[in-house]
Structures are given as C-alpha cells and as structure tokens.
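Right, one structure below, let's go through it.
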C-alpha cells in the first residue's frame, strides 16, 4: 500500500475529530496525513502488521487503530478514559468495516488485559536516555 492510498482511506473516516474536545484530556484530532506517516513509520519498524497486536491507549476517535487495521494488523485493542471518545471510535471502526467491538469498556490503561489475562503495564515501551560523561 502506498502512503497516498492510506491517506485516502483514512480521509473516509466519518468522525475524524472530536465534536467537543475535552481540553483537560488533551484531546485533539490526528489528521489522515499525520496518521499515515505514523503508520508507515511503525510498519518500517515491524511494530504493526500481520500477526501483531496494537494497544491504542487514549485511542480518541480511533484513527491510529483504523490505520493499523487498514495495513493488516491482526488485533486491535482500543482504550480511552472518555466514554464519548470510545463511542466515536466504535462508530468509526464499524463505519470503516474493519471489525467489531467485542467490548466497549472505557477506563485507565492499568485496567486493560489481553486475551490471555496478562495485564499491560503503564509503559508499553520506554527508552532511557544515556547520560553523557564529561
């Protein structure tokens, strides 16, 4: 898939923005263009795609998950503490025809478990910066 094709597909998402963003939750729209670049960067690192699971914490309208699904990611877990955001994400996922929600639970990431019952930590990936020695 080419970048422009992914951007075009993401342009079809019915509700790419929040109707009334909650400023305290730092909600903002992720454009189809930005989403496409993020998805292609993740593909290049083999972080998403066939056989992979994406845990989208703070999924908002679901743009990153939808982009991940379009490029063939096998499993998606969408989580947001805002029930309104989860409702938008659910509508977007269903409208794009990429899958069904098996659960529509909103909550903090510490409440998320995968299908094996394993709990996800607060940090999925954390890189430590090396201190320069003088």
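In my numbering, the protein residues as written are -13 to 120. All C-beta atoms, glycine included, are put in the ideal place defined by N, C-alpha and C. Bear in mind that the values here come from a model prediction, so they are computed numbers and not experimental data.
Asked	Found
Distance CB(residue 66)-CB(residue 44) smaller than 8 Å	yes
Simplified DSSP assignment, three categories, for residue 39	strand
Three-state secondary structure (DSSP) of residue 79	helix
Run of the alpha helix (DSSP H) containing residue 24, from where it starts to where it stops	18 to 30
Anticipated Cβ contact below 8 Å, residue 63 with residue 39, distance rounded	7 Å
Under the three-state DSSP convention, the category residue 104 falls into	Caution applies to residue 104, whose pLDDT of 45 falls short of 50 and renders its modelled position unreliable; the value that the coordinates give is listed next. DSSP places residue 104 in coil when its eight states are reduced to three.
Residue 34, DSSP secondary structure in three states	coil
Per DSSP, cross-strand counterpart(s) of residue 61	39
Pairwise C-alpha distance: residue 41 and residue 53	13 Å
Simplified DSSP state of residue 53, which is helix, strand or coil	helix
Selected residue, minimal CA-CA separation from residue 37, among 9, 59, -13, 27	59
Close Cβ partners of residue 97 (< 7 Å) along its chain, the five nearest in sequence each way excluded	Residue confidence is low: residue 97 scores 38 on pLDDT, short of 50, so the model does not pin down where it sits. No coordinate-derived value is stated.
Exposed unless 16 or more other CB atoms sit within 10 angstroms - verdict on residue 94	Legend: pLDDT at residue 94 = 44, less than 50; position of this residue unreliable, no value from coordinates given.
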